[in-house]
Amino acid sequence: QITLKESGPTLVKPTQTLTLTCTFSGFSLSTTGVSVGWIRQSPGKALEWVALIYWDDDKRYRSSLKNRLTITKDTSKNQVVLTLTNMDPEDTATYYCAHTPSPGGPTENWGQGILVTVSS
Amino acid sequence: DIQMTQSPSSVSASVGDRVTITCRASQDLSTWLVWYQQKPGRAPKLLIYAASSLRSGVPSRFSGSGSGTNFTLTISSLQPEDFATYYCQQANNFPFTFGPGTKVDIK
Numbered sequence: 063q064i065t066l067k068e069s070g071p072t073l074v075k076p077t078q079t080l081t082l083t084c085t086f087s088g089f090s091l092s093t094t095g096v097s098v099g100w101i102r103q104s105p106g107k108a109l110e111w112v113a114l115i116y117w118d119d120d121k122r123y124r125s126s127l128k129n130r131l132t133i134t135k136d137t138s139k140n141q142v143v144l145t146l147t148n149m150d151p152e153d154t155a156t157y158y159c160a161h162t163p164s165p166g167g168p169t170e171n172w173g174q175g176i177l178v179t180v181s182s
Numbered sequence: 340d341i342q343m344t345q346s347p348s349s350v351s352a353s354v355g356d357r358v359t360i361t362c363r364a365s366q367d368l369s370t371w372l373v374w375y376q377q378k379p380g381r382a383p384k385l386l387i388y389a390a391s392s393l394r395s396g397v398p399s400r401f402s403g404s405g406s407g408t409n410f411t412l413t414i415s416s417l418q419p420e421d422f423a424t425y426y427c428q429q430a431n432n433f434p435f436t437f438g439p440g441t442k443v444d445i446k
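Residue numbers (the working numbering), protein chains in the order written: chain P, 63 to 182; chain X, 340 to 446.
Structural data, given as structure tokens:
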């Protein structure tokens, strides 16, 4: 059974850096083709694809956030970490991590999400 | 970035109705198109991938079609558990992008 769970702060101040951790089980991020990504959703809004990291450490980012984003993996801990700098109230959203078992394939398994609020 | 649009933005329907949702892309996706269902307060759930392939365990009343820039999700006979928001997502080019969603609610 594949599970993913997001963890991190639920409240950050403007200009601070957000660090979210996705801890997963049931698959390995060292398996060829596998990726773990992040998708966010502002309250009442549509889904926004944010970032993704592949088994081979290839990384992809949302264009509008590219200068503020970093995604890394720790294969031994079964974790993926997302860092978003210079947080703004517009970054308030539920952040989901998700597993894609093959390149270009569908994102099959999602975490429950974590609501992050940006407010002073 | 590839822009995705969906129509309608919302639809009111009754149990048993046939519902069709359209998704259009600003560039050719071939069949790299995915459909998700999302209920309030829940993570999205994969329904269809590669434009028309039904995920295992998803009821057969859901179907997808299309290629290139025009795609369709059809629910052949709407059931009470199908009232939700539906999103298309292109997986052809990075950065991946989602459509704005179509909310299916009770008439």
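Yeah, the Cβ is synthetic: ideal placement off N, Cα and C, and Gly gets one too.
8 Å contact criterion, which residue i and residue j should meet: CB distance rounded
i	j	result
residue 154/P	residue 160/P	About 20 Å; that fails the 8 Å criterion.
residue 444/X	residue 351/X	6 Å
residue 340/X	residue 125/P	5 Å
residue 423/X	residue 373/X	Not confirmed; about 16 Å, so no contact.
residue 156/P	residue 78/P	Not a contact, Cβ separation roughly 18 Å.
Contacting residues, own chain, Cβ-Cβ under 7 Å from residue i (five flanking each side not counted)
i	result
residue 182/P	75, 76
Below-9 Å beta-carbon distance, residue i vs any chain P residue
i	result
residue 394/X	yes
residue 389/X	yes
residue 436/X	yes
residue 433/X	yes
residue 298/X	Nothing in the structure corresponds to residue 298/X, since chain X is present only between 340 and 446.
Min CB distance residue i to chain X below 9 Å
i	result
residue 125/P	yes
residue 172/P	yes
residue 130/P	no
residue 175/P	yes
Beta-carbon proximity list for residue i, same chain, < 8 Å, skipping 5 on both sides
i	result
residue 96/P	89, 90, 116, 117, 161, 162, 163, 164
residue 92/P	117, 137
residue 391/X	370, 402, 403, 404, 405
residue 357/X	413, 414, 415, 416, 417
Chain-order list of residues whose beta-carbon lies under 6 Å from that of residue i (same chain, five-residue window excluded)
i	result
residue 158/P	101, 172, 173, 175
residue 123/P	113, 131
Mind listing which residues of the region 100 to 115 of chain P have their C-beta closer than 9 Å to chain X's C-betas, in chain order? 101, 103, 107, 108, 109, 110, 111, 112, 113, 114
Closer than 7 Å, Cβ to any Cβ of chain X: which residues of the region 140 to 169 of chain P, in chain order? 158, 166, 167, 168, 169
Which residues, taken in chain order from the region 405 to 431 of chain X, show a beta carbon closer than 9 Å to some beta carbon of chain P? 424, 426, 428, 430, 431
Name the residues in the region 354 to 385 of chain X whose C-beta lies less than 7 Å from a C-beta of chain P; which are they? 371, 373, 382, 383, 385
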